[in-house]
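To start, the structure itself, in structure tokens.
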Amino acid sequence: MTDLLNRIKNQIGGEESLSDEELNRQLNAIYSIYAAAMGPEQLIVQASRFNAVKYIHDENPKSRLIGMERLILESRDYHRQPTDEEIPAILDKLEDKVADILSRQAVERSLEKKIEDRLEERHKEYIEEVRREIIEEETGSAETAESKRKLEKLAAMEKVSLTATILQVVRPQSLSEIIGQDQAVEALASRISSPYPQHLLLYGPPGVGKTTAARLVLEEAKKKPYTVFQKDAPFIECDGTTLRWDSRDMTNPLIGSVHDPLYQGARQELADEGIPEPKPGLVTDAHGGILFIDEIGELDPILLNKLLKVLEDKRVRFDSAYYDEEDPQIPAYIKQLFEKGAPADFILIGATTRAPEEINPAIRSRCGEIFFAPLEPAHIIAIVKRAAERLGAHLEAGVPELISRYTMEGRKAVNLLADAYGLAIYESGKAERITITKAIMERTAQASRLSPCLQQEASDTPKIGHIYGLGVIGSWGSTIEIEAAAFPAAEPGKGSFRFNDTAGSMAKDSVTASAAVVRQLTDKRLSDYDLHINVIGGGNIDGPSAGCAITCAILSAIEKKPLRQDIAITGEIALSGEVKPVGGIHEKAFGARQAGMKAMILPEKNKSDIDAGTAGIEIHPVSNIQEVWSLVTRD
772 MTDLLNRIKN
782 QIGGEESLSD
792 EELNRQLNAI
802 YSIYAAAMGP
812 EQLIVQASRF
822 NAVKYIHDEN
832 PKSRLIGMER
842 LILESRDYHR
852 QPTDEEIPAI
862 LDKLEDKVAD
872 ILSRQAVERS
882 LEKKIEDRLE
892 ERHKEYIEEV
902 RREIIEEETG
912 SAETAESKRK
922 LEKLAAMEKV
932 SLTATILQVV
942 RPQSLSEIIG
952 QDQAVEALAS
962 RISSPYPQHL
972 LLYGPPGVGK
982 TTAARLVLEE
992 AKKKPYTVFQ
1002 KDAPFIECDG
1012 TTLRWDSRDM
1022 TNPLIGSVHD
1032 PLYQGARQEL
1042 ADEGIPEPKP
1052 GLVTDAHGGI
1062 LFIDEIGELD
1072 PILLNKLLKV
1082 LEDKRVRFDS
1092 AYYDEEDPQI
1102 PAYIKQLFEK
1112 GAPADFILIG
1122 ATTRAPEEIN
1132 PAIRSRCGEI
1142 FFAPLEPAHI
1152 IAIVKRAAER
1162 LGAHLEAGVP
1172 ELISRYTMEG
1182 RKAVNLLADA
1192 YGLAIYESGK
1202 AERITITKAI
1212 MERTAQASRL
1222 SPCLQQEASD
1232 TPKIGHIYGL
1242 GVIGSWGSTI
1252 EIEAAAFPAA
1262 EPGKGSFRFN
1272 DTAGSMAKDS
1282 VTASAAVVRQ
1292 LTDKRLSDYD
1302 LHINVIGGGN
1312 IDGPSAGCAI
1322 TCAILSAIEK
1332 KPLRQDIAIT
1342 GEIALSGEVK
1352 PVGGIHEKAF
1362 GARQAGMKAM
1372 ILPEKNKSDI
1382 DAGTAGIEIH
1392 PVSNIQEVWS
1402 LVTRD
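Quick note: to get this note's numbering, add 771 to the position in the sequence shown (first position is 1).
Pasting the structure below:
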């Protein structure tokens, strides 16, 4: 109707005077709109009250205009017929009045609708409250004024919510967003999506995406036509470091437990009848889906054995001295739990930062093993850039590279970015168009007492008695800086040697083997020298893999032959000079690459463990110490 009034007004405004026919048409239009708005009964009352009936039905349009003024403007003071010049202004006034009436009615209708909705809502709440009161009166509710007050406090707390954490904001939403783990993700997805999925152990350093990958793989598996997982398959996550249980099975959140009616808090209606109540655990919650245990290597050994039993039976058995199968008062669901057990058919995925040999062999024999690689600086840079994009922050050139110097963990890199993001907002006083500079990033790192974790140790300048071995710390590989110095003994045959006390017994045994090898190659006895061997940094070398490096350092010190400083060595040395295989080749290759080495020497029998494309550096498999010596002394 408002649109119609606007069209009428435009037509009037475009003409200097109106003919009687045009005036009648305009009055008819205004009258019809007003009548529709007021309704027939109210229209009659208004027309009678202001004595407008005789004017409205007059054939003279100017008399009709008087009636319209009386009716719409609600006054008996209109008697004089208007002139042609006055008519447009009067029509404007009538149209404005009708428009006001229509607007007011629209507001009133909206308000009435809200009032009706609110009354209906209050009515439902009132009915529900009355219903609760009646039920409480009939059943004798345990609610007290204090318990109700606490419930109301909890409800009020539920309404308060802070923002999501930055890790939730930047968390990968698909497998393609997991950076630096293509092989591991592919292996994980293929084994979980298979028609015959298998239990898995995920090895790798912290913060590289093991948990996220497991969660996303389940979602991807649900989409496959051949998958065994239903659309609502659960993903139950728990932490092996915090899972606690009682040896008498009074409580066991992982496997489940039985609450007896006397001591362990069975429900009152069951306790009154002396009925024990089984409480299924996480393994039952994960039925039909995946149970993910982070840090599974920290799980209690006895609890782990119980978990293995569940994996075999695909069911949890309950037992209690209070259970009487002949008792007719026992509910059917409790009877079924005691007689058949609770279903627990799930796929176990365990994640750990420990080495495989540190994990219980029983669980390893039942699980496939997937290794997540340490992240490289390029991966950290990509993670930081993607996180900044999701935060809507601009990074100054060099900031991602700076973060990659301080950490090799994706989660830690995101946390560093979050700290710098907060500092940038704090300094700028706004949360839009934030720029994170290198200065802000450096201040953030200093506040966290961080120092660069990547050191370029490789050099093009050969050194006498100095060489780099390779070791593994947790999931990371690193170089071992070894140096040796040899001096003629004051008395031939009565020389001595000094090695770090913290170097480890096996590393010291390598010196004994090296003595035999040096004598074979040079016909010189170590007893003719005062020999000093030092592992820079004082680390404990737990294993024989530094044997080749120690031998080369001793040979260099005695022969005064410079050694290359851009090559790293791993391998055990035998008395015959043969180079024996060692473990941790992938991790050691990563450590050599991070230290800037151009090449890596490894035992011939380890050649199949890695290829040059995977290692990212030049690989030299060797069989004996002569081959090693020719490589490390070559210009």
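Think of the CB as a built atom: it goes at the ideal place given N, C-alpha and C, for glycine as much as any other residue.
Looking at the structure shown, is residue i part of a helix, part of a strand, or coil, going by DSSP?
i, result
"Cys1138", "coil"
"Ser1249", "strand"
"Ser1276", "helix"
"Gln1336", "strand"
"Phe1006", "strand"
"Leu1132", "Leu is not the amino acid found at residue 1132; the sequence shown has Pro there. Residue state, collapsed to three classes: helix."
"Val931", "coil"
"Thr982", "helix"
"His1165", "strand"
"Ser1230", "strand"
"Asn1071", "At residue 1071 the sequence reads Asp, which differs from the Asn that was named. It is coil, neither helix nor strand."
"Leu1062", "strand"
"His1150", "helix"
"Ala1284", "helix"
"Thr936", "coil"
"Tyr1094", "coil"
"Thr1123", "strand"
"Gly1036", "With a pLDDT of 48 at Gly1036, under the threshold of 50, the predicted position of this residue should be treated as unreliable, though the coordinate-derived value follows. It is coil, neither helix nor strand."
"Thr1322", "helix"
Provide the residue(s) that pair with residue i in DSSP beta bridges, ordered along the chain.
i, result
"Lys1351", "Glu1343"
"Pro859", "Paired residue(s): none; Pro859 is not in a bridge."
"Ala1258", "For clarity, residue 1258 is Phe in the given sequence; the question names Ala instead. For Phe1258, which the question treats as bridged, DSSP gives the partners Asp1301."
"Lys1050", "Ser1028"
"Met1371", "Ala1339 and Ile1390"
"Phe1268", "Leu1302"
"Pro1114", "Arg1086"
"Thr1206", "His1165"
Identify, in the order they occur along the chain, each residue of the same chain with its Cβ nearer than 8 Å to the Cβ of residue i, setting aside the five sequence neighbours on each side.
i, result
"Leu1079", "Ala1133, Ile1134 and Arg1137"
"Ala955", "Leu973, Gly975, Ala984, Ile1141, Phe1142, Phe1143 and Ala1144"
Just to check my reading of the structure: residue i and residue j have Cβ atoms closer than 8 Å, yes? What is that Cβ distance to the nearest angstrom?
i, j, result
"Ile1338", "Val1393", "Not a contact, Cβ separation roughly 12 Å."
"Asn1395", "Gly1348", "5 Å"
"Val1353", "Gly1342", "6 Å"
"Val931", "Ala960", "With a Cβ gap of about 39 Å, Val931 and Ala960 do not count as contacting."
"Pro976", "Gly1060", "Going by Cβ atoms, the distance from Pro976 to Gly1060 rounds to 27 Å, so no, they are not a contact pair."
"Asp1299", "Gly1266", "6 Å"
"Val1087", "Ala1126", "Not confirmed; about 31 Å, so no contact."
Note down the Cα distance separating residue i from residue j, rounded to an integer number of angstroms.
i, j, result
"Ile801", "Val869", "8 Å"
"Ser834", "Tyr897", "58 Å"
"Asp1095", "Ile963", "41 Å"
"Glu1097", "Lys1106", "10 Å"
"Leu1108", "Phe1089", "7 Å"
"His1303", "Met1371", "25 Å"
"Glu879", "Leu873", "10 Å"
"Gly1240", "Asp1056", "48 Å"
"Thr1123", "Lys1077", "19 Å"
"Gly1387", "Thr1022", "50 Å"
"Asp1071", "Ile1007", "19 Å"
"Val979", "Pro1102", "48 Å"
"Leu1082", "Lys1050", "18 Å"
"Arg1182", "Leu1188", "10 Å"
"Pro943", "Lys1279", "47 Å"
"Leu938", "Ser1028", "35 Å"
"Lys1376", "Ile1390", "13 Å"
"Gly1011", "Leu971", "15 Å"
"Ala1229", "Tyr997", "51 Å"
"Thr1178", "Ser1249", "14 Å"
"Thr982", "Pro1024", "21 Å"
"Gly1314", "Ser1281", "9 Å"
"Ile1207", "Ile949", "24 Å"
Quick one: what's got a C-beta closer than 7 Å to residue i's C-beta in the same chain, skipping five residues either side?
i, result
"Pro1233", "Pro1333, Leu1334, Arg1335 and Gln1336"
"Lys1331", "Ile1235"
"Val999", "Pro966 and Pro968"
"Asp1116", "His1058, Gly1059 and Lys1085"
"Ser945", "Leu987"
I'd like the list of long-range same chain contacts for residue i, defined as Cβ closer than 6 Å, with 5 residues on each side in sequence excluded.
i, result
"Asp1380", "Ile1356"
"Ile1211", "Ala1191, Leu1194 and Ala1195"
"Asn1305", "Glu1254"
"Val824", "Ala818"
"Ala1320", "Ile1238, Gly1240, Ile1253 and Ile1340"
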